[in-house]
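One structure is given below, encoded as structure tokens.
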Amino acid sequence: MDPNNPKDAKPVPFPPAPASCPEGQWSTDLFDCWDDGSTCCLTCVCPCIAMGRMVEIIDRGTTTRCVACALYYALSSVGCGWLYACTYRSKLRGLFKLPEAPCVDGLVHGSCCLCAISQEYRELKNRGVDPSIGWEANVEKWKREGVTSPPIAAAPGMAR
2 MDPNNPKDAK PVPFPPAPAS CPEGQWSTDL FDCWDDGSTC CLTCVCPCIA
52 MGRMVEIIDR GTTTRCVACA LYYALSSVGC GWLYACTYRS KLRGLFKLPE
102 APCVDGLVHG SCCLCAISQE YRELKNRGVD PSIGWEANVE KWKREGVTSP
152 PIAAAPGMAR
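The sequence shown lines up with residues 2 to 161 when you count with the working numbering.
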């Protein structure tokens, strides 16, 4: 078993969620964009960067932020960015056992994609992840902090 081979590596746990983020609940509402002004501005001005950062975290570094950013940008340029973003909302919900709220993921992203991306980015931040530094830097940070929580739950339908 080679720990440098991604196929052999054990899943890295996310840090335990703070008490303000109870399992099974979103830490902020969809329209609480200004709860975190920097995230709101990033999402409104450059949603492809916010998406790229989130995808890298949600995919645990298997998709780079540059690839995700380019994909989201390309799809958005033809009006389909919300479809790509919607799939990652579903993955994020699976990771943290969040409800499909306020309605189904496709409708949330189809109606207000920027609000949804902002909420998802805030969710990661509120749960101890810094999307701006990337997956590997977060893993190193958690190791320094001694994070020993169990790995995050697999998304529904992904368990063997």
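Idealized CB from N, CA, C, for every residue including glycine. Quick caveat, the model's predicted, so the values are computed rather than measured.
Item to complete: Just confirm the distance between the C-beta atoms of V79 and R66, as a whole number of angstroms; I'd bet it's less than 8 Å.
Response: In the sequence shown, the residue the question calls residue 79 occupies position 78. In the sequence shown, the residue the question calls residue 66 occupies position 65. Actually they do not touch by this definition, with Cβ atoms about 21 Å apart.
Discussion item. So I134 and L96 are supposed to be a Cβ contact under 8 Å. How far apart are they, rounded?
Written reply: As a first step, residue 134 is located in the sequence shown; it is residue number 133 there, counting from the start. As a first step, residue 96 is located in the sequence shown; it is residue number 95 there, counting from the start. That belief does not hold up - the Cβ atoms of I134 and L96 are roughly 18 Å apart, past 8 Å.
Practice prompt. Quick one: give me the first and last residue of the alpha helix (DSSP H) that S119 is part of.
Written response: Numbered from 1 along the sequence shown, position 118 holds the residue referred to as residue 119. Per DSSP, S119 belongs to the alpha helix (DSSP H) from 106 to 127.
Worksheet item: How would you write the range of the alpha helix (DSSP H) that T88 sits in, first residue to last?
Response: In the sequence shown, residue 88 corresponds to position 87, counting from 1. Where T88 is concerned, the enclosing alpha helix (DSSP H) stretches over 82 to 97.
Discussion item. Residues in the same chain with beta-carbon distance under 7 Å from C22, minus the five sequence neighbours each way, listed in chain order, please.
Written reply: Looking up residue 22 in the sequence shown gives position 21. If we look at C22 and ignore the five residues flanking it on each side, its Cβ neighbours are S28, N127, R128.
Item to complete: Please name the residue, chosen from A51, Q26, S119, that lies closest to V36 on a Cα-to-Cα basis.
Response: Translated into positions along the sequence shown, residue 36 becomes position 35. Note on identity: in this sequence residue 36 is Asp, with Val being the wrong assignment. When each option's Cα is compared against that of D36, the closest is S119.
Practice prompt. Answer yes or no: do P132 and R54 have a C-beta to C-beta separation smaller than 8 Å?
Written response: Walking along the sequence shown from the start, residue 132 turns up at place 131. Walking along the sequence shown from the start, residue 54 turns up at place 53. For P132 and R54, yes; Cβs fall inside 8 Å.
Worksheet item: Out of curiosity, what's the CA-to-CA distance linking V148 and W136?
Response: For this step, residue 148 is matched to residue 147 along the sequence shown. For this step, residue 136 is matched to residue 135 along the sequence shown. Distance between the alpha carbons of V148 and W136 is about 15 Å.
Worksheet item: Terminal residues of the continuous alpha helix (DSSP H) containing V79?
Response: By 1-based counting over the sequence shown, the position of residue 79 is 78. No alpha helix (DSSP H) holds V79; DSSP gives it neither H nor E.
Discussion item. Given this structure, state the Cα-to-Cα distance separating R90 from A138, to the nearest angstrom.
Written reply: Counted from its first residue, the sequence shown places residue 90 at position 89. Counted from its first residue, the sequence shown places residue 138 at position 137. If I take the Cα positions, the gap works out to 22 Å.
Worksheet entry | Cβ pair P103, V109 closer than 8 Å | The sequence position of residue 103 within the sequence shown is 102, counting from 1. The sequence position of residue 109 within the sequence shown is 108, counting from 1. Yes. Within cutoff.
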